[in-house]
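Participant:
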Amino acid sequence: MARVCNYVQKKQWSNNVIRLFSAKVSPNLKNPVQVDLIGPPDPVSNLRPIIFAKSENESRLEKKFREAREDTQIWNQNFWTEHNNNFQKVRHESYVIPSQGKMSITADDMSVFYKEFLDKNWQMHFNYNITWYKRNIKLLLLEIRVKISKLKLR
């Protein structure tokens, strides 16, 4: 079941990217290939998909950096899609009145529920943050290497 969900999530995300590619680019952009394109927020993860610019004479190091950014974006997208789906599912199970099919939730109820949800998922969020920091440090080091290599070429 998890594999099917991951496939559907990746498929939905790739559909957003395809939509972004097919969108008309502003005529004010002189060369759209040279800029990152940012799409509308994903309805589930609330993250904006990014199509990273790819230069025509991209070096191996630049390619590695761009691919690391893309990989981090996909990882982040998958995490927040799964997290938000889980949140909605648990909230629905906790607050829907079975006989009426309506939500019965007050702001106080929601704050208690959200605190409990965060407490139950504390370890997952902790692991996410550690991985997020590691990925960002890797991206930072790769970007520094790219900048240094460009300075050497001048």
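Per our numbering, the very first residue in the sequence shown carries number 987; after that it's consecutive.
Where is the CB? At the ideal position from N, CA and C, for every residue including glycine.
1) Taking the alpha-carbon positions, what's the Arg1055 to Leu1125 distance?
2) If we count the other Cβ atoms within 10 Å of its Cβ and call it buried at 16 or more, is Pro1026 buried or exposed?
3) Excluding five sequence neighbours on each side, which residues of the same chain lie with their C-beta closer than 6 Å to the C-beta of Ser1008?
4) Rounded to a whole number of angstroms, what is the C-alpha to C-alpha distance between Leu1128 and Ile1024?
5) Rounded to the nearest angstrom, how far is the Cβ of Leu1047 from that of Arg1131, given a contact under 8 Å?
6) Jot down the residue ranges of each uninterrupted beta strand (DSSP E) in the stretch 1027 to 1109, minimum 3 residues, whole runs only, in chain order.
7) Would you call the stretch 1065 to 1079 and the stretch 1029 to 1045 in contact, with 3 or more CB pairs under 8 Å?
8) Take Ser1080 and list the residues in its own chain whose beta-carbon comes closer than 7 Å to its own, dropping the five residues that flank it on each side.
9) Whole angstroms are fine: how far does the CA of Phe1051 sit from the CA of Phe1065?
Facilitator: Quick look at the numbers:
1) Walking along the sequence shown from the start, residue 1055 turns up at place 69. Walking along the sequence shown from the start, residue 1125 turns up at place 139. The straight-line gap from Cα to Cα measures roughly 7 Å.
2) Sequence index remark: in the sequence shown, residue 1026 carries index 40 (1-based). Counting Cβ neighbours within 10 Å, Pro1026 comes out exposed, since fewer than 16 surround it.
3) In the sequence shown, counting from the first residue as 1, residue 1008 sits at position 22. The predicted model places Ser1008 with a pLDDT of 41, which falls under 50 and marks its position as unreliable, so this point remains unresolved.
4) Translated into the one-based positions of the sequence shown, residue 1128 becomes position 142. Translated into the one-based positions of the sequence shown, residue 1024 becomes position 38. Near 22 Å, if we compare the C-alpha coordinates of Ile1024 and Leu1128.
5) Along the sequence shown, read from residue 1 onward, the residue named residue 1047 stands at position 61. Along the sequence shown, read from residue 1 onward, the residue named residue 1131 stands at position 145. Yes, they are in contact, since the Cβ atoms of Leu1047 and Arg1131 sit about 6 Å apart, within 8 Å.
6) For the stretch 1027 to 1109, not a single whole beta strand (DSSP E) run of length 3 or above is found.
7) In short, these stretches touch, since the Cβ pair count reaches three.
8) Within the sequence shown, numbered from 1, the residue matching residue 1080 stands at position 94. Correct list, in chain order: Phe1099.
9) Residue 1065 sits at position 79 when you count from the first residue of the sequence shown. Residue 1051 sits at position 65 when you count from the first residue of the sequence shown. Cα-Cα distance, rounded: 21 Å.
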